[in-house]
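For reference, the structure discussed in these notes is given below.
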Amino acid sequence: MFRLNHNLSILGSPGSGKGFYGRLLAQHWKVPLVTTSDILKKHAERHSSKSLDLESGKLADCQLVAGVLLDYLREQQQSNSTRPLHCILDGFPRTTLQIQIMQETWPVEYQIHGGLHLNVPDEVCREKSLGRRFCTICQDFVNTANVQMGDWDLPPTYPKLCSKACNPETDWVQRKDDVLAIIQARLAIHHEHEEPILDYFRRNNALYQYTPYKGVRDFDRLRLCAEEWLQALKVKPDAMMLSLEG
């Protein structure tokens, strides 16, 4: 049975399915999925922070993000001290500055060893982002978008436990930031920073790219390909160096 022995970052545009595939991989591998936006929201609630604008599509302060995330990882390790914490991260790193801060301030065992990049075009990401919902009755995720573009075949996804008692009009809620203007802003900001981050993992032989044309039906293939890649991944985190030069 495969066992995750690395800290893995899921990379990709907003709406590419990082959280969706991250949840499936985490469940299958029995490891934590660390969703950066959720950690930051909890931090803001605990500290009554008004400096974190998490709904505008803008990037949060890199030093704050890296610090809050490291504190969370340390807490998780302390509560699971029997073995090293290996996890999947969604939403980190988003800039090369975050990578630099990670290298300079994070202990080696918490640093990210590899990046799994979901290669999804903007037009697909926009439609899937606009279709995202959360069912408050069955506490599961919904996506109402039916994307049929070229090779892309992504029908709507509904919770398996969603019952007739669930009313899509009242029980399926949309994130406040899943509106077209903010989605476009998130995509634009993402593309400003994307290539240097991919280059960082690529130059360290620590990048795997996958195009999930069929959505959830591609999961088994994605998982098997990722497992094969991770088993061959020999890069040590302390050997991974940030380089922005060609």
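Taken in order, the sequence shown gives residues 432 to 677; the numbers are from our numbering.
Where a beta carbon is used, it is the ideal one built from N, C-alpha and C, also for glycine.
Computed from a predicted model, the values in this text were never measured in an experiment.
1) Over what stretch of residues does the alpha helix (DSSP H) that includes R633 continue unbroken?
2) In whole angstroms, what is the alpha-carbon distance linking D649 and G448?
3) May I ask you to verify whether the stretch 542-551 touches the stretch 633-641, counting CB pairs closer than 8 Å and requiring at least 3?
4) Return the residue from the list A491, F523, K559, Q531 that minimises the CA-CA distance to G446.
5) Identify every residue that forms a DSSP beta bridge with Q640.
6) Any chance the stretch 503-510 sits against the stretch 582-598, with 3 or more Cβ pairs inside 8 Å?
7) For D608, does the three-state DSSP call read helix, strand or coil?
8) Using the beta-carbon count (16 or more within 10 Å), is D521 buried or exposed?
9) Pick out whichever of K472, L455, P463, W537 has its Cα sitting closest to the Cα of Q494.
10) Determine the contact status of N436 and H517, defining contact as a CB-CB distance below 8 Å.
11) Which residues share a DSSP beta bridge with M580?
12) By how many angstroms is the C-alpha of G581 removed from the C-alpha of D609?
13) Tell me L573's beta-bridge partners as DSSP assigns them.
14) Rounding to the nearest angstrom, what Cα-Cα distance links D571 and L661 in this structure?
15) V496 and F523: beta carbons closer than 8 Å?
16) Once DSSP output is grouped into helix, strand and coil, what is the label at G446?
17) Tell me whether the beta-carbon of V604 lies closer than 8 Å to the beta-carbon of R564.
18) If I measure Cβ to Cβ from V462 and keep anything under 7 Å in the same chain, skipping five residues before and after, which residues do I get?
19) Hey, L471 and A491: beta-carbon distance below 8 Å or not?
20) What residue does the alpha helix (DSSP H) around L500 start on, and which one ends it?
21) Where does E658 sit, in a helix, a strand or coil, going by DSSP?
Straight from the coordinates:
1) In this chain, the alpha helix (DSSP H) harbouring R633 covers 611-634.
2) Between D649 and G448, the C-alpha separation is close to 12 Å.
3) The count of Cβ pairs closer than 8 Å, one atom from the stretch 542-551 and one from the stretch 633-641, reaches three, so the stretches are in contact.
4) Relative to the Cα of G446, the nearest Cα in the group A491, F523, K559, Q531 belongs to K559.
5) H548.
6) No contact exists between the stretch 503-510 and the stretch 582-598.
7) Coil.
8) The Cβ neighbour count for D521, taken over all protein chains shown within 10 Å, is at least 16; the residue is labelled buried.
9) Of the candidates K472, L455, P463, W537, the one whose C-alpha sits nearest the C-alpha of Q494 is W537.
10) The answer is yes: Cβ separation under 8 Å.
11) As computed with DSSP, M580 is found in a beta bridge with W583.
12) The straight-line gap from Cα to Cα measures roughly 24 Å.
13) The displayed chain sequence assigns Val, not Leu, to residue 573. Under DSSP, V573 shares a beta bridge with R564.
14) Per the coordinates, the alpha-carbon of D571 lies some 29 Å from the alpha-carbon of L661.
15) Taking the C-beta atoms as reference points, F523 is found nearer than 8 Å to V496.
16) Coil, per DSSP.
17) Cβ distance < 8 Å, so V604 and R564 count as in contact.
18) Answer for V462: L435, H517, C518, I519, listed in chain order.
19) Against a cut-off of 8 Å, the Cβ pair of A491 and L471 comes out as a contact.
20) DSSP places L500 inside the alpha helix (DSSP H), whose first and last residues are 493-510.
21) If DSSP states are grouped into helix, strand and coil, E658 belongs with the helices.
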